[in-house]
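Chemist: The structure's right below; bear with me while I get my questions together.
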Amino acid sequence: MKNILLFSILLLGCYAFSQEKFTLSGTISEKDSGETLIGVNILIPELQTGTVTNQYGYYSITLPKGNYSVYFSSIGFATEKFTLDLSENVKKDFALKEDTESLDEVVIEADGEKLNIRNAQMSANTLSVKTIKKMPVVLGEVDVIKSITLLPGVTSAGEGASGFNVRGGAADQNLILLDEATLYNSSHLFGFFSVFNPDAIKDLTLYKGGIPARYGGRISSVLDIYQKDGNKREYHASGGIGLVASRLLLEGPIKKDTASFLVGGRSSYAHLFLPLFGNDNIAYFYDLNTKLSYNLNKNNRIFLSGYFGRDVFEIADSFANSFGNTTLNLRWNHLFSDKLFSNLSLIYSDYYYGLELKFVEFNFDSGIQNYNLKYDFTHFISNNIDLRYGLNSIYYKFNPGDVTPTTESSGINPFKLTDKYAWENAVYADAEIEVSDKISVQAGLRLSTFNRLGQDELFLYENDNPILFNEDLSIYQKAKPIDTVSFSRNTTIKSFANLEPRFSISYLLNENASIKASYNRMAQYIHLISNTTSPTPFDIYAPSGKYIEPQLADQVALGYFRNFENYSLEVETFYKEVKNRLDYVDDADLIANNAVEQILLNGEARAYGLEVLFRKNEGKFQGWIAYTLSKSEQRTPGRTSIETGINNGNWYHSPWDKTHDVSITAQYELSKKWSFGSNFIFQTGQPTTYPEGQYEFNGVVVPVYEARNSSRLTTYHHLDFSATWTPKPNSEKRWKGEWVFSIYNVYNRKNAASLSFRENSDINKNEAVRLSIFGIIPSVTYNFKF
Amino acid sequence: MNKLLLLFIFSGLLSSCEDVVDVELNEAPPRLVVDAALKVRKDGSASSTIKLTTTAAFFDDNVPVVPDASISVTDGNGKIYPFEYIDEGIYYSKSLFPKANLDYTLSIQYKNEIFTATAQLQSTPPLDFVEQRNDGGFTGKDIELKVFFTDPAGEDNFYFFEGLSDRGDILDVYNDEFFDGNTIFGYYLVEDLAAGDEVQFNLYGIDEAFHNFMFILLQQTSDQGGGPFETQPATVRGNIINETNSDNYPLGYFRISEVSTLNYTVQ
Numbered sequence: 009m010k011n012i013l014l015f016s017i018l019l020l021g022c023y024a025f026s027q028e029k030f031t032l033s034g035t036i037s038e039k040d041s042g043e044t045l046i047g048v049n050i051l052i053p054e055l056q057t058g059t060v061t062n063q064y065g066y067y068s069i070t071l072p073k074g075n076y077s078v079y080f081s082s083i084g085f086a087t088e089k090f091t092l093d094l095s096e097n098v099k100k101d102f103a104l105k106e107d108t109e110s111l112d113e114v115v116i117e118a119d120g121e122k123l124n125i126r127n128a129q130m131s132a133n134t135l136s137v138k139t140i141k142k143m144p145v146v147l148g149e150v151d152v153i154k155s156i157t158l159l160p161g162v163t164s165a166g167e168g169a170s171g172f173n174v175r176g177g178a179a180d181q182n183l184i185l186l187d188e189a190t191l192y193n194s195s196h197l198f199g200f201f202s203v204f205n206p207d208a209i210k211d212l213t214l215y216k217g218g219i220p221a222r223y224g225g226r227i228s229s230v231l232d233i234y235q236k237d238g239n240k241r242e243y244h245a246s247g248g249i250g251l252v253a254s255r256l257l258l259e260g261p262i263k264k265d266t267a268s269f270l271v272g273g274r275s276s277y278a279h280l281f282l283p284l285f286g287n288d289n290i291a292y293f294y295d296l297n298t299k300l301s302y303n304l305n306k307n308n309r310i311f312l313s314g315y316f317g318r319d320v321f322e323i324a325d326s327f328a329n330s331f332g333n334t335t336l337n338l339r340w341n342h343l344f345s346d347k348l349f350s351n352l353s354l355i356y357s358d359y360y361y362g363l364e365l366k367f368v369e370f371n372f373d374s375g376i377q378n379y380n381l382k383y384d385f386t387h388f389i390s391n392n393i394d395l396r397y398g399l400n401s402i403y404y405k406f407n408p409g410d411v412t413p414t415t416e417s418s419g420i421n422p423f424k425l426t427d428k429y430a431w432e433n434a435v436y437a438d439a440e441i442e443v444s445d446k447i448s449v450q451a452g453l454r455l456s457t458f459n460r461l462g463q464d465e466l467f468l469y470e471n472d473n474p475i476l477f478n479e480d481l482s483i484y485q486k487a488k489p490i491d492t493v494s495f496s497r498n499t500t501i502k503s504f505a506n507l508e509p510r511f512s513i514s515y516l517l518n519e520n521a522s523i524k525a526s527y528n529r530m531a532q533y534i535h536l537i538s539n540t541t542s543p544t545p546f547d548i549y550a551p552s553g554k555y556i557e558p559q560l561a562d563q564v565a566l567g568y569f570r571n572f573e574n575y576s577l578e579v580e581t582f583y584k585e586v587k588n589r590l591d592y593v594d595d596a597d598l599i600a601n602n603a604v605e606q607i608l609l610n611g612e613a614r615a616y617g618l619e620v621l622f623r624k625n626e627g628k629f630q631g632w633i634a635y636t637l638s639k640s641e642q643r644t645p646g647r648t649s650i651e652t653g654i655n656n657g658n659w660y661h662s663p664w665d666k667t668h669d670v671s672i673t674a675q676y677e678l679s680k681k682w683s684f685g686s687n688f689i690f691q692t693g694q695p696t697t698y699p700e701g702q703y704e705f706n707g708v709v710v711p712v713y714e715a716r717n718s719s720r721l722t723t724y725h726h727l728d729f730s731a732t733w734t735p736k737p738n739s740e741k742r743w744k745g746e747w748v749f750s751i752y753n754v755y756n757r758k759n760a761a762s763l764s765f766r767e768n769s770d771i772n773k774n775e776a777v778r779l780s781i782f783g784i785i786p787s788v789t790y791n792f793k794f
Numbered sequence: 555m556n557k558l559l560l561l562f563i564f565s566g567l568l569s570s571c572e573d574v575v576d577v578e579l580n581e582a583p584p585r586l587v588v589d590a591a592l593k594v595r596k597d598g599s600a601s602s603t604i605k606l607t608t609t610a611a612f613f614d615d616n617v618p619v620v621p622d623a624s625i626s627v628t629d630g631n632g633k634i635y636p637f638e639y640i641d642e643g644i645y646y647s648k649s650l651f652p653k654a655n656l657d658y659t660l661s662i663q664y665k666n667e668i669f670t671a672t673a674q675l676q677s678t679p680p681l682d683f684v685e686q687r688n689d690g691g692f693t694g695k696d697i698e699l700k701v702f703f704t705d706p707a708g709e710d711n712f713y714f715f716e717g718l719s720d721r722g723d724i725l726d727v728y729n730d731e732f733f734d735g736n737t738i739f740g741y742y743l744v745e746d747l748a749a750g751d752e753v754q755f756n757l758y759g760i761d762e763a764f765h766n767f768m769f770i771l772l773q774q775t776s777d778q779g780g781g782p783f784e785t786q787p788a789t790v791r792g793n794i795i796n797e798t799n800s801d802n803y804p805l806g807y808f809r810i811s812e813v814s815t816l817n818y819t820v821q
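Sequence order for the protein chains is L and U. Numbering-wise (the numbering used here), the first sequence opens with residue 9 and increments by one. Numbering-wise (the numbering used here), the second sequence opens with residue 555 and increments by one.
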């Protein structure tokens with residue numbers, strides 16, 4: 009409330025003193041392709057002010073009448089300058105040319121960085137696809153998720169897992185947006201690859217804290233990924249041939265400078281990837297990215313984009329499995345005026361998981377579907393106030409599982425887990441204000457609501473308590489439903505509403521340094537039901553409702569930001585508390601469970617830490633050192649004094665708690681023909697639960713386990729190298745090719761992905777077995793463009 | 555079901571990167587372990603044995619047996635059946651033949667503490683026939699056996715299945731949720747099974763609580779236990795209560811099952 013008041017006062021003040029002002033606005037694109045550019049700095053040195061292009065390449069800045077020099081700058085592009093006599097509203101679309109003179113530094117770049125430290129937004133990292141492509145990766149496949157795990161505060165859910173954890177949060181607490189559409193699963197082949205085709209991606213930003221009010225629905229982070237629009241000038245193809253997968257992307261104009269298309273496909277080679285299996289077995293993935301963009305006129309643009317990805321496994325004739333995301337979205341950019349930009353998105357997205365067990369003759373299908381409407385406005389009020397507001401409405405259908413027999417003679421009966429429905433709505437407003445030369449503020453408020461809609465056969469329990477505590481045995485047991493009720497779809501069974509304030513402030517200490525602070529509250533209404541450490545495709549989302557409360561997170565962060573000549577330093581510390589973090593009773597069985605409420609308990613989580621990022625952004629040698637010191641833990645106390653809760657109600661390490669996390673990444677451009685990249689990663693071992701004894705029961709050896717996550721796997725580290733060879737960098741031919749040679753895990757460290765304990769039946773002795781997924785892996789990829 | 559799935563996928567995909575390592579483990583003080591399964595055959599004969607052991611350090615070769623406890627079972631009519639110690643931690647009653655719909659209460663006195671549990675006889679259908687395929691398994695070359703039985707319709711049934719041979723044992727639990735009233739099978743697949751091998755199949759009637767207990771236990775004892783996609787493991791408590799000192803809880807289970815047995819010679 010206070011924020012709104014403050015904002016209104018500022019707004020009033022601003023209008024009251026305004027003299028004659030005009031607006032400079034337009035769209036910035038890349039010269040060769042017409043591709044719009046995100047995050048280009050527009051600087052007006054005379055006023056020590058500026059702005060940045062938004063996700064659609066649009067900018068707008070309102071200035072007093074006068075003569076100015078205007079600079080457009082973006083890393084990797086030649087800076088452009090023009091002189092402006094501002095005596096009326098000016099529309100200036102600009103095309104930047106890629107800086108082929110191998111990243112010569114331009115004086116103005118320093119100003120670009122200064123703007124960055126001035127901005128109130130903290131805890132956000134933007135990576136360009138160019139940077140990502142230079143990093144060495146396992147099996148030579150460029151991987152978006154793996155590259156963001158090199159940032160401070162971000163860790164991977166485990167070796168070979170594509171899910172990621174941000175600031176001690178769970179993997180399902182990340183909002184992953186591809187062209188504004190939500191993705192539910194970010195990995196292929198059980199985490200060996202992420203679902204994003206790097207050729208189709210333009211830009212990505214990861215928000216770890218100080219999350220702006222326009223985002224909501226997940227409590228830990230936002231990974232906002234934008235696909236390319238497609239070349240509006242010329243037809244082009246790009247692609248790569250690797251050991252595991254190949255990809256091809258085609259783009260070009262449908263109508264020059266007006267309409268373009270982009271189609272990208274990727275597929276793995278089944279027979280090469282899993283040579284261990286016989287010929288009858290198949291394992292592969294593919295995905296398809298498509299986009300059409302159309303500039304209707306100066307004020308209207310339309311985008312239609314789609315993503316379709318699937319993984320397929322078949323093992324002999326006993327087992328078949330396929331899963332993946334589908335998204336389809338239609339967006340409409342409209343300029344109401346040169347100061348008011350709007351985007352309307354209509355999005356369909358679904359996640360499907362299907363399984364056929366041929367030898368028991370049944371099919372299992374599950375998934376989540378949603379329809380999403382977003383209407384976002386950006387109001388460029390003056391050169392020091394941007395106001396964003398909008399609304400969001402999502403309709404969900406959850407299918408937790410549908411079992412159907414595949415043959416007449418199947419011994420399995422058809423069985424349907426009850427479908428669930430929900431409707432999530434939000435409105436928000438967010439203002440970015442330059443309060444003074446030194447102080448910038450970003451203040452916002454989001455109101456989110458969640459209605460759990462009517463469904464068939466909702467279970468009712470005595471005292472509304474689906475999970476009982478057996479005092480004699482000191483264990484939790486499922487309660488028997490006393491009744492079931494069915495509701496029509498348009499009734500609300502249960503509703504929730506949350507106010508989510510967001511606030512960030514920066515204070516400029518001097519030309520090159522600033523401090524920033526932020527607070528955000530986030531609400532999350534859907535929960536991944538999984539008690540494994542990484543999101544695997546077997547996992548199922550469940551909505552909040554009668555028995556499940558929404559998760560609420562409060563996060564505060566404080567940071568120091570500094571630019572040196574070619575370097576930058578970011579130091580941040582954060583503290584995060586999560587209410588209503590679900591936990592599962594010991595050894596809960598989650599698969600095909602029609603009443604997950606019977607195995608869930610409501611707990612809490614907290615995380616805190618220190619992050620340091622020292623980065624060199626320019627020159628032949630680029631890269632960064634990231635260090636994170638953090639702790640992430642959770643607890644689930646008993647609901648009454650008799651109950652034990654989980655792990656006796658004590659705090660325990662969350663599975664992704666890594667005390668120390670060091671990532672070093674470096675790229676060096678030796679010549680136009682050769683460039684090199686290297687990563688080094690060092691992390692405290694993952695928490696795990698070991699046996700502290702054994703016993704014999706019914707002839708088998710059973711482990712006795714210690715308290716949850718009280719031990720750790722051994723320290724995790726590896727070093728990777730890559731070299732890129734461009735045989736003919738100066739070739740005038742259209743065809744441009746490069747070879748990428750890479751070695752993952754150079755010194756062949758056997759990192760434990762897990763340690764399992766079992767009885768070796770040959771020698772009748774118990775043993776600990778280390779599972780390490782990636783040893784040293786050399787690979788070669790050929791990339792081309794024409 | 556997920557266990558099955560993981561087994562299928564990961565046994566093939568990842569087994570090549572496994573190695574045995576040395577790990578220092580903590581050691582918990584020993585607890586009493588009760589393996590009390592009273593088995594009643596279709597002809598009414600019974601095998602009423604109970605085995606008492608204690609827990610041991612994880613890497614120990616053997617678990618210690620308990621020879622010095624006193625055990626009895628009391629039925630719902632107040633009749634007491636004493637158990638005698640034989641050997642190897644095994645206690646035996648020659649007079650106990652459990653009947654349906656009657657409570658039986660186990661009582662164990664050990665080191666001045668009293669442990670109790672109560673159970674009822676759970677019935678089971680007969681095992682009818684075996685179907686053999688010689689092109690089963692991942693390789694398509696293993697011998698696969700399915701032993702069929704018919705689940706009684708309209709009631710919740712739970713089963714504990716054993717397939718035992720010198721080539722290896724398969725233990726599994728079934729819940730009739732997905733096959734109520736149908737003819738369904740227990741599945742037996744071990745490596746190197748060959749013509750002439752003898753396999754014994756046992757199907758026990760169990761209650762839901764034991765089904766859940768055994769389901770978790772089997773998950774924790776399988777070769778895939780503790781893999782990257784496993785559930786969080788924790789020590790599983792059974793149905794036996796320490797009446798004297800609840801912190802010193804015992805492990806194991808007391809159950810009374812009807813059992814159907816079928817012996818099969820691989821063709």
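Heads up, the beta-carbon is just placed ideally off N, CA and C, and yes, glycines get one too.
Rounded to a whole number of angstroms, what is the C-alpha to C-alpha distance between Ala118 (chain L) and Glu573 (chain L)?
Modeler: Confidence is the limiting factor: at Ala118 (chain L) the pLDDT is only 36, short of 50, which leaves the residue's position unreliable and the question unanswerable from this model.
Chemist: Going along the segment 742 to 762 of chain U in order, which residues come within less than 8 Å of chain L, judged by CB to CB distance?
Modeler: For the segment 742 to 762 of chain U, which is checked against every Cβ of chain L, not one residue is closer than 8 Å.
Chemist: Note down the Cα distance separating Glu605 (chain L) from Val411 (chain L), rounded to an integer number of angstroms.
Modeler: If I take the Cα positions, the gap works out to 21 Å.
Chemist: Mind checking who His2 (chain L) pairs with in its DSSP beta bridge?
Modeler: Absent from the model: residue 2 (chain L). The displayed extent of chain L is 9 to 794, so no value can be given.
Chemist: At a CB-CB cut-off below 9 Å, which residues of chain U make contact with Ile420 (chain L)?
Modeler: Chain U residues near Ile420 (chain L): Phe732, Phe733, Asn736 and Ile738.
Chemist: In chain order, what residues of the same chain lie with their CB nearer than 7 Å to the CB of Lys99 (chain L), ignoring the 5 residues before and after it?
Modeler: Counting only Cβ-Cβ distances below 7 Å, and skipping sequence neighbours, we find Ser33, Gly34 and Asp346.
Chemist: Grouping DSSP H, G and I as helix and E and B as strand, with all else coil, what is Pro72 (chain L)?
Modeler: Pro72 (chain L): strand per DSSP, three-state reduction.
Chemist: Given Ala487 (chain L), which residues of its chain have a CB within under 8 Å of its CB, disregarding the five upstream and five downstream residues?
Modeler: Only Tyr469, Glu470, Asn473, Pro474, Ile475, Leu476 and Gln606 meet the Cβ criterion.
Chemist: When you compare the CB positions of Glu88 (chain L) and Glu38 (chain L), do they come within less than 8 Å of one another, or not?
Modeler: In this structure, Glu38 (chain L) does not lie closer than 8 Å to Glu88 (chain L) by Cβ.
Chemist: Just checking, does the segment 528 to 536 of chain L make contact with the segment 224 to 232 of chain L on the three C-beta pairs under 8 Å criterion?
Modeler: Yes, they touch.
Chemist: Is the beta carbon of Phe714 (chain U) sitting closer than 8 Å to the one on Tyr758 (chain U)?
Modeler: Their beta carbons are under 8 Å apart, which means Phe714 (chain U) touches Tyr758 (chain U) by this criterion.
Chemist: If distances are taken between C-alpha atoms only, which option among L:Asp211, L:Leu191 and L:Lys210 comes closest to Ser202 (chain L)?
Modeler: Among L:Asp211, L:Leu191 and L:Lys210, the Cα nearest to that of Ser202 (chain L) is on L:Leu191.
Chemist: Using three-state DSSP, classify Thr815 (chain U) as helix, strand or coil.
Modeler: Strand, per DSSP.
Chemist: Is there a Cβ from chain U that is less than 8 Å from the Cβ of Val252 (chain L)?
Modeler: It does not; no Cβ of chain U falls within 8 Å.
Chemist: Give the single residue among L:Tyr575, L:Asn656 and L:Gln642 whose Cα lies nearest to the Cα of Lys624 (chain L).
Modeler: Per the Cα distances, L:Tyr575.
Chemist: Below 8 Å on C-beta distance, what does Ser482 (chain L) contact in chain U?
Modeler: Here the neighbours are Arg791, Ser800 and Tyr803.
Chemist: Note the first and the last residue of the continuous beta strand (DSSP E) segment covering Arg778 (chain L).
Modeler: Lys773 to Leu779 is the span of the beta strand (DSSP E), which, as asked, contains Arg778 (chain L).
Chemist: Taking 8 Å as the cut-off, decide whether the C-beta atoms of Val719 (chain U) and Val684 (chain U) are in contact.
Modeler: Residue 719 (chain U) is actually Ser in this sequence, not Val. Not closer than 8 Å, so no.
Chemist: Name the two residues that bound the continuous beta strand (DSSP E) containing Arg570 (chain L).
Modeler: Here the beta strand (DSSP E) through Arg570 (chain L) covers Gln559 to Asn571.
Chemist: For chain U, is any of its Cβ atoms less than 8 Å away from the one on Glu775 (chain L)?
Modeler: By this cut-off, Glu775 (chain L) is an interface position.
Chemist: Measure the beta-carbon distance from Thr426 (chain L) to Gln463 (chain L) and round it to whole angstroms, keeping in mind my assumption that it falls under 8 Å.
Modeler: At roughly 6 Å, the Cβ-Cβ gap stays under 8 Å, so Thr426 (chain L) and Gln463 (chain L) are in contact.
Chemist: Is any beta-carbon of chain L found at less than 8 Å from that of Gln774 (chain U)?
Modeler: Judged by the 8 Å Cβ criterion, Gln774 (chain U) is in contact with chain L.
Chemist: Take the Cβ of Arg595 (chain U) as the centre, count every other Cβ of all protein chains shown within 10 Å, and call the residue buried at 16 or more, exposed below.
Modeler: So Arg595 (chain U) ends up on the exposed side.
Chemist: In chain U, what lies closer than 7 Å to Arg318 (chain L) by C-beta?
Modeler: Residues of chain U passing the Cβ test: none, with the nearest at roughly 16 Å.
Chemist: Answer yes if the segment 733 to 750 of chain L comes into contact with the segment 711 to 723 of chain L, meaning at least three C-beta pairs across the two stretches below 8 Å, and no otherwise.
Modeler: No: fewer than three Cβ pairs fall under 8 Å.
Chemist: What number of angstroms, rounded off, separates the C-alpha of Pro786 (chain L) from the C-alpha of Trp733 (chain L)?
Modeler: For Pro786 (chain L) and Trp733 (chain L), the distance between alpha carbons rounds to 16 Å.
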